[in-house]
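All letters in the sequence shown, in the order written, are residues -25 to -1, 1 to 244 by mature numbering (1 follows the signal peptide of the UniProt record, and there is no 0).
Here's the structure, in structure tokens; my notes come after.
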Amino acid sequence: MALPKITGFLWFYLGILLAFGQVWTVNGQGKDGEWELPAEPAIAEDGLQIKLDRDLYKKQGSIVYASHLESNEKLDISDSQLYRIAKDAFMEMRSSAKKNGLTEKIPNVMTTLFINNELIFASSAKGPKDPYNKDDQVVGDLTVCSKANEGRRHKNGGRCGEVMAFHEWYQTHVGSPRLDKNSGAKIVAISEQWNAARTKREPLILPPCGNDKEWGCNVFINGVYALDDAKVAADLAKDPKKPAFRYKNMIKEKKLKPAPGKPVPPPKE
């Protein structure tokens, strides 16, 4: 009678090994030193097209979810409408993380950067290394801030969503001036937090990090207009019935579509 119990235990143990094996396939490094992933999960046709930067993940294990959409005409998006878009982006990022099998490595923050006819989405970064190269333009921004603050590093190591959103912008606008308050840009970071009544956790605005002792995104964004609860409330007070920005319709009609990728530099002679 002991044999069935042993057999049952062995089957249970085998199941555990297989489960961990699947996790390792998603999160581990393969034979060529690249971090492995399953196939790219399907993305809703009318969604914000947020997905894992798979090349970055495979090369060094850094986790960043991003998207960059543009229109042929200037977009008119109010503060409250941008807030709704940003919350949708946060939820889309979390959905993408689950589909990729990275449920234990979901970034805490999703940031939306809006400038002229472009919407840039980028999560905070998770992983063992910096998610950008030392010669990337965003590193120059961080260095300027560091030098102005006695050489200290960004409060969170330059891994916040605001930093990654600027990085996404610079990747397709190589050599452009540093973003500032005169750029017309707006930025908002969303994270899951307790609501005011502390009855549940939901996507809410997370102010730029940083304080009097440690500089952070409060300095890094260089005066770019940052949404907060008061600005969103003031916008809604002007027009309580203001509809959501219909980005889904624009995406379906190809009026809002993925921006071209980073320009390829000419070959060195």
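Ideal Cβ placement from N, Cα and C applies to all residues, glycine included.
Note that this is a predicted model, so its numbers are computed, not measured.
According to DSSP, is K101 helix, strand or coil? strand
Got a sec, what are the start and stop residues for the beta strand (DSSP E) T78 sits in? Per DSSP, T78 belongs to no beta strand (DSSP E) and is neither H nor E.
Within this structure, are the beta carbons of K80 and I18 separated by less than 7 Å? no
Would you kindly report the start and end of the unbroken alpha helix (DSSP H) that includes E137? 136 to 147
Please state whether DSSP places F96 in a helix, a strand or coil. strand
Considering just the uninterrupted stretch of the alpha helix (DSSP H) at R153, what are its terminal residues? Note, R153: premise wrong, no alpha helix (DSSP H); not H, not E.
Under 8 Å, with one C-beta from each stretch per pair, do the segment 168 to 183 and the segment 120 to 127 reach the 3-pair mark? no
Just the Cα atoms here: how many angstroms apart are P12 and S71? The residue asked about is misnamed: residue 12 is Leu in this sequence, not Pro. Rounded to whole angstroms, L12 to S71 spans 13 Å at the Cα level.
If you compare alpha carbons, which of H43, C192, N92 is closest to A234? H43
What is the DSSP secondary structure of F89, reduced to helix, strand or coil? strand
For N75 and L27, believed in contact at Cβ under 8 Å, the rounded distance: 5 Å
Helix, strand or coil: how does DSSP classify A17 here? coil
By the DSSP assignment, the beta strand (DSSP E) with I162 in it spans what residues? 161 to 169
With a threshold of 8 Å, are at least 3 pairs of Cβ atoms found where one atom belongs to the segment 90 to 98 and the other to the segment 41 to 60? yes
What is the residue span of the alpha helix (DSSP H) that L181 lies within? Careful: L181 lies outside any alpha helix (DSSP H) and carries neither H nor E.
Of all the options L31, G115, A208, D210, which has the alpha carbon lying nearest to the alpha carbon of P152? G115
Does DSSP put Y200 in a helix, a strand or coil? strand
For R59, which of helix, strand or coil comes out of DSSP? helix
Answer yes or no: the CB of K33 versus the heavy atoms of the ligand FAD, is any distance below 6 Å? With respect to small molecules bound, the structure shown includes none, and the ligand FAD cannot be examined in it.
According to DSSP, is Y107 part of a helix, a strand, or is it coil? coil
Since I believe A160 is in contact with L88 (beta carbons under 8 Å), could you give me their beta-carbon distance rounded to a whole number of angstroms? 6 Å
Using a Cβ-Cβ cut-off of 6 Å (strictly less than) and excluding sequence neighbours within five positions of A97, which residues of its own chain qualify? A41, T86, G136, M139, A140, E143
Go through its chain and collect everything with a Cβ distance to E67's Cβ below 7 Å, but skip five positions before and after it. G22, L23, I25
N- and C-terminal bounds of the alpha helix (DSSP H) containing K232: Where K232 is concerned, there is no enclosing alpha helix (DSSP H), although the beta strand (DSSP E) it sits in stretches over 231 to 233.
Can you find at least 3 beta carbon pairs, one from the segment 188 to 201 and one from the segment 155 to 171, that sit closer than 8 Å? yes
Within the same chain, show all residues whose beta-carbon is closer than 7 Å to that of Y107, passing over the 5 residues directly before and after it, in chain order. V113, V114, H142
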